[in-house]
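Student:
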Amino acid sequence: TLSEFVAANVGEDGAYENVSEYIRDLIRRDKERAEREAFDRLKAELNRAFAAPEDSYKPLTAAEVIARNRS
Numbered sequence: 003t004l005s006e007f008v009a010a011n012v013g014e015d016g017a018y019e020n021v022s023e024y025i026r027d028l029i030r031r032d033k034e035r036a037e038r039e040a041f042d043r044l045k046a047e048l049n050r051a052f053a054a055p056e057d058s059y060k061p062l063t064a065a066e067v068i069a070r071n072r073s
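Each residue of the sequence shown is one higher than the one before, starting from 3 at the first, in this note's numbering.
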């Protein structure tokens, strides 16, 4: 059924001229989705950080930040 689906999207009746073009577009869209999800996670983390009361902040060294993010 997958090959039939691909065949329906390729050629004269499909949106793509060949299977390679179809696969490249799928990969490109998947990459964009992954980047959008990563950006959304970062944005949510920043929103939580900026919403926290200022007295909850504590100074950290670069080494502490790197160590925290590795765990």
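Quick reminder that beta carbons are idealized off the backbone N, C-alpha and C, glycines included. Predicted model, so just to flag it, every value in this text is computed and none were measured.
(1) Which one of E66, D15, N11 and S73 has the shortest CA to CA distance from N23?
(2) Looking only at its own chain, which residues have a Cβ that is under 7 Å from the Cβ of E34, when we skip the five neighbours before and after it?
(3) In chain order, what residues of the same chain have a beta carbon less than 7 Å from the beta carbon of V8, not counting five sequence neighbours either side?
Tutor: By the coordinates alone:
(1) As written in the sequence, residue 23 is Glu, which differs from the Asn given in the question. A check of alpha carbon separations from E23 across E66, D15, N11 and S73 identifies N11 as the nearest.
(2) Excluding sequence neighbours, E34 sits near nothing in its chain.
(3) Answer for V8: V21 and Y24, listed in chain order.
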